[in-house]
Amino acid sequence: MFEARLNTSQVLKKVLDAIKDLLNEATFDCSDSGIQLQAMDNSHVSLVSLSLRSDGFDKYRCDRNLSMGMNLANMAKIMKCANNDDTLTMKAQDNADTVTFMFESQNQEKVSDYEMKLMNLDQEHLGIPETDYACVVRMPAMEFARICRDLSQFGESVVISCTKEGVKFSASGDAGSANIKLAQTSTVDKEDESVVIEMQEPVTLTFACRYLNSFTKATPLCNQVQLSMSADVPLVVEYRIPDLGHIRYYLAPKIED
Amino acid sequence: KTKQGSIMSFFAKK
Numbered sequence: 012m013f014e015a016r017l018n019t020s021q022v023l024k025k026v027l028d029a030i031k032d033l034l035n036e037a038t039f040d041c042s043d044s045g046i047q048l049q050a051m052d053n054s055h056v057s058l059v060s061l062s063l064r065s066d067g068f069d070k071y072r073c074d075r076n077l078s079m080g081m082n083l084a085n086m087a088k089i090m091k092c093a094n095n096d097d098t099l100t101m102k103a104q105d106n107a108d109t110v111t112f113m114f115e116s117q118n119q120e121k122v123s124d125y126e127m128k129l130m131n132l133d134q135e136h137l138g139i140p141e142t143d144y145a146c147v148v149r150m151p152a153m154e155f156a157r158i159c160r161d162l163s164q165f166g167e168s169v170v171i172s173c174t175k176e177g178v179k180f181s182a183s184g185d186a187g188s189a190n191i192k193l194a195q196t197s198t199v200d201k202e203d204e205s206v207v208i209e210m211q212e213p214v215t216l217t218f219a220c221r222y223l224n225s226f227t228k229a230t231p232l233c234n235q236v237q238l239s240m241s242a243d244v245p246l247v248v249e250y251r252i253p254d255l256g257h258i259r260y261y262l263a264p265k266i267e268d
Numbered sequence: 002k003t004k005q006g007s008i009m010s011f012f013a014k015k
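Those protein sequences? They're chains A and B, same order as listed. Sequential numbering from 12 applies to the first sequence in the working numbering. Sequential numbering from 2 applies to the second sequence in the working numbering.
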């Protein structure tokens with residue numbers, strides 16, 4: 012028996028919005044410790060890794076490890092039927108081929124349940140090594156989303172250069188070129204608005220705008236985003252989900268042809 | 002000119 016309850020549906024709606032741009036379907040691996048999801052986008056350029064800890068749920072029970080393959084468009088249809096402040100309960104029997112989403116209104120006067128067929132997805136899991144990154148940037152998630160959106164008008168790629176002084180985002184194309192520089196913030200009183208750079212070595216890497224823009228669908232989950240970079244390895248874009256877990260996106264850099 | 006590689010060339014299959 013698997014059962015996981017959240018007192019507000021909103022957080023799962025946001026999580027789904029953060030992954031459904033990149034993934035058509037995905038397997039939710041449920042265990043005693045929580046729910047994990049790892050999946051590559053269709054073109055195998057990026058990887059999504061989601062972790063929701065069992066202790067972040069308002070109720071959590073998982074007697075046996077369970078892999079639930081879900082069509083995310085269908086899951087989105089169901090999640091659309093929940094009000095943000097409805098209590099959400101996901102339920103499945105052991106070895107079941109369906110999952111049930113139950114939504115309860117705050118006053119308990121409306122209870123809806125939606126049953127969805129599970130899929131057998133043959134998904135490859137990749138091992139992600141623990142890495143010390145040359146540069147780690149923490150910045151407001153809204154600011155990162157804005158920069159990705161603005162720069163994608165000018166080219167298909169964004170060059171991210173990080174030094175101790177700051178981080179620079181650049182794009183160029185037929186219309187011209189664009190450069191956005193962010194310096195480390197000096198004040199520490201507004202943590203959510205700060206730009207913090209931890210640098211061992213300066214790094215310059217090139218990434219496809221399209222994927223960065225998809226990652227920013229996670230912006231509503233968290234005030235800050237963390238970018239981790241080293242030469243010639245995938246970028247990690249991490250959004251923490253307060254009290255529940257995190258979503259990490261890995262993006263292969265573009266390399267000189 | 003830059004070329005987009007696959008994420009699978011960085012992380013090994015489990």
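The beta-carbon is built from N, C-alpha and C at its ideal position, and this holds for glycine as well.
Tell me the residue span of the beta strand (DSSP E) that contains residue i.
i                      : result
residue 190 of chain A : 187-194
residue 252 of chain A : 246-252
residue 266 of chain A : 265-267
residue 75 of chain A  : Here residue 75 of chain A belongs to no beta strand (DSSP E), and DSSP marks it neither H nor E.
residue 257 of chain A : 256-262
residue 206 of chain A : Residue 206 of chain A -> no beta strand (DSSP E), and no H or E assigned at all.
residue 56 of chain A  : Here residue 56 of chain A belongs to no beta strand (DSSP E), and DSSP marks it neither H nor E.
residue 242 of chain A : Note, residue 242 of chain A: premise wrong, no beta strand (DSSP E); not H, not E.
residue 3 of chain B   : 3-5
List the whole-angstrom C-beta distance separating residue i from residue j, where the pair is believed to meet the contact cut-off of C-beta under 8 Å.
i                      : j                      : result
residue 259 of chain A : residue 267 of chain A : 26 Å between Cβ atoms; not a contact.
residue 134 of chain A : residue 38 of chain A  : 5 Å
residue 255 of chain A : residue 16 of chain A  : Contact flag wrong, Cβ pair sits at about 12 Å.
residue 81 of chain A  : residue 23 of chain A  : Not quite, the Cβ-Cβ distance comes to about 12 Å (not below 8 Å), so this is no contact.
residue 72 of chain A  : residue 12 of chain A  : 6 Å
residue 36 of chain A  : residue 132 of chain A : 6 Å
residue 192 of chain A : residue 201 of chain A : So it is not a contact: roughly 20 Å between Cβ atoms.
Taking 8 Å as the CB-CB cut-off, is residue i touching chain C?
i                      : result
residue 110 of chain A : Of the chains in the structure shown, none is chain C; the protein chains are A and B.
Where does the unbroken alpha helix (DSSP H) through residue i begin, and where does it stop?
i                      : result
residue 154 of chain A : 152-162
residue 84 of chain A  : 83-90
residue 24 of chain A  : 21-30
residue 223 of chain A : 220-226
With the cut-off set at 8 Å, would you say residue i and residue j are in Cβ contact?
i                      : j                      : result
residue 232 of chain A : residue 29 of chain A  : yes
residue 264 of chain A : residue 238 of chain A : no
residue 197 of chain A : residue 165 of chain A : no
residue 48 of chain A  : residue 40 of chain A  : yes
residue 206 of chain A : residue 194 of chain A : yes
residue 146 of chain A : residue 214 of chain A : yes
residue 236 of chain A : residue 152 of chain A : yes
residue 56 of chain A  : residue 262 of chain A : yes
residue 219 of chain A : residue 5 of chain B   : yes
residue 112 of chain A : residue 89 of chain A  : yes
residue 100 of chain A : residue 14 of chain A  : yes
residue 123 of chain A : residue 76 of chain A  : no
residue 216 of chain A : residue 8 of chain B   : no
residue 19 of chain A  : residue 95 of chain A  : yes
For residue i, count neighbouring Cβ atoms within 10 angstroms of its own Cβ and tell me buried if that reaches 16, exposed if not.
i                      : result
residue 97 of chain A  : buried
residue 142 of chain A : exposed
residue 241 of chain A : buried
residue 150 of chain A : buried
residue 115 of chain A : buried
residue 211 of chain A : exposed
residue 52 of chain A  : buried
residue 13 of chain B  : exposed
residue 87 of chain A  : exposed
residue 156 of chain A : buried
residue 138 of chain A : exposed
residue 50 of chain A  : buried
residue 186 of chain A : exposed
Is residue i near the ligand ZN, with its Cβ less than 7 Å from a heavy atom?
i                     : result
residue 76 of chain A : Judged by which ligands are present, the structure shown has none, so any question about the ligand ZN falls away.
Inset, instruction - Entirely within the segment 100-180 of chain A and at least 3 residues each: give me those beta strand (DSSP E) ranges in chain order. - result: 109-115, 122-128, 146-151, 168-173
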